[in-house]
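Have a look at the structure below before the remarks.
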Ligand code: IFM
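In the numbering used here, the protein residues as written are 9 to 461.
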């Protein structure tokens with residue numbers, strides 16, 4: 009096994025390291041300075057949908073603590089920061105007028121990162137669609153494709169010259185399926201046909217926005233972020249193996265095949281039957297725009313059983329607080345499968361991390377050895393994939409700090425920095441100190457590489 013001493017040696021000096029967050033999960037200030045309502049603001053107000061009945065009104069109060077949070081990011085020694093723009097903060101109704109104060113916030117954020125030597129990786133859609141667009145049908149309507157493209161161009165015009173990367177969407181599967189089929193995320197709908205139409209519009213809007221951004225001369229690298237889990241059969245039976253292939257086609261390839269091959273996987277298309285989306289001529293060509301990078305969010309594997317949903321406790325592997333199996337090898341397998349199936353652009357792990365109990369010790373520290381182990385083994389899994397030829401470009405921890413974990417509220421903590429929600433005090437957990445020391449070793453190596461030239 010790769011030791012801590014050796015881990016940084018597995019990565020070339022140019023490999024980039026970062027931490028990630030999203031607007032709704034940390035900003036708060038949900039009605040301030042002209043911000044419009046998002047579908048998550050609205051969803052949280054429904055009784056019973058958020059485990060602890062909380063919302064994003066205050067969250068980590070990042071909106072009011074921007075400078076000290078940027079100092080915190082810099083202190084970790086990372087190269088880049090992945091964040092998202094709240095669409096309704098900059099364009100309250102999702103069309104028409106822009107909100108100058110909201111744009112100013114992101115301008116300060118981007119300039120503050122650059123001043124601290126950090127590269128801004130901006131995500132346009134991390135789920136908080138303006139509620140005004142939802143009233144007109146949201147992602148289920150074709151209109152949203154044009155609105156999203158206008159929004160992308162507005163951000164490009166204002167911030168584009170200073171961004172290292174622009175991601176169109178974060179995890180389209182989650183928006184489509186958890187938001188529109190299972191109804192456990194905003195906007196809380198339960199209709200598979202609608203969900204698949206939403207997925208199609210997310211992909212088309214990705215392609216349309218990418219094309220428009222390139223047309224506008226964007227200098228940032230452009231890509232998309234997918235949540236992917238490799239599918240394994242629960243047993244060696246033919247039935248379970250067939251289920252794993254089908255689950256993979258419906259969960260992963262439904263997104264990656266259109267992006268890289270310009271078509272939906274046939275077996276998933278057949279299985280979805282009458283629920284498949286309506287398409288327009290040219291849609292698949294639009295979706296298959298050249299990507300500068302693919303972002304992969306990895307947390308766990310998927311076990312496929314012909315008997316029905318798999319109970320993760322059956323595997324005997326340690327689980328995170330989300331009940332997700334800890335299986336680092338799955339990350340290597342996933343990356344190798346992607347490398348085998350497609351000609352990949354640069355690949356970033358745009359999210360990876362775990363929720364753990366995180367008790368605050370009597371010494372005022374958080375000894376989250378379980379999270380440090382999780383990060384170490386998954387980073388080693390990335391190194392394994394890279395050695396096997398996968399074009400890995402960077403790795404980002406989810407998350408910089410504890411935050412609003414959607415339907416789980418604030419009870420599940422993913423941060424490497426602890427947030428005391430009473431006082432908003434930030435405290436580095438042991439995992440943050442470990443990550444920082446890994447990056448110090450990386451820096452030492454980079455400095456030596458420059459010295460040797
Ligand atoms: O917190 C989320 C994030 O917003 C998207 N990816 C998964 C994370 C953990 O559930």
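All C-beta atoms in this analysis are idealised placements derived from N, C-alpha and C, irrespective of residue type, glycine included.
- For residue 267, the uninterrupted alpha helix (DSSP H) segment begins and ends at 262–269.
- Of the candidates 440, 456, 460, 459, 440 places its Cα closest to the Cα of residue 25.
- The C-beta distance from residue 156 to residue 217 rounds to 6 Å, short enough to fall under 8 Å.
- Taken in chain order, the unbroken stretches of beta strand (DSSP E) that lie wholly in the region 141–219 and span 3 residues or more are 173–178.
- In this structure, DSSP gives residue 114 a helical state, which the three-state scheme calls helix.
- In the DSSP assignment, residue 278 falls within the alpha helix (DSSP H) that extends over 274–280.
- Residue environment analysis places residue 421 among the buried positions, since at least 16 neighbouring C-beta atoms fall within 10 angstroms of its C-beta.
- Assigned with DSSP and collapsed to three states, residue 320 falls in helix.
- Counting C-beta atoms within 10 angstroms of its own C-beta, residue 377 has fewer than 16 neighbours from the protein chains shown and is therefore classed as exposed.
- In this structure, DSSP gives residue 106 a state outside helix and strand, which the three-state scheme calls coil.
- When DSSP reads this structure, residue 91 sits in a beta bridge with 130.
- Residue 377 sits in a helix when the DSSP states are folded into three classes.
- Between the alpha carbons of residue 398 and residue 315 lies a gap of roughly 34 Å.
- The C-alpha of residue 199 is placed about 12 Å away from the C-alpha of residue 192.
- With a threshold of 7 Å, the Cβ atom of residue 414 counts as near the ligand IFM, since some heavy atom of the ligand is closer than that.
- Segment contact: the region 223–240 against the region 250–261, three or more CB-CB distances shorter than 8 Å; contact assigned.
- Of all alpha-carbon atoms in 320, 390, 393, 350, the one lying nearest the alpha-carbon of residue 296 is that of 350.
- Taking residue 80 as the centre and dropping the five residues before and after it, the same chain places the C-beta of 425, 434 closer than 7 Å to its C-beta, in chain order.
- Note on residue 39: under 16 other CB atoms within 10 angstroms of its CB, so exposed under the neighbour-count rule.
- Beta-bridge analysis with DSSP links residue 239 to 310.
- Straight across, the Cα-Cα distance linking residue 253 with residue 274 is about 12 Å.
- Per DSSP, residue 427 is not a residue of any alpha helix (DSSP H); the beta strand (DSSP E) it occupies stretches across 425–428.
- Distances from the CA of residue 333 to each of 356, 342, 418, 309 were compared; the closest alpha carbon is that of 309.
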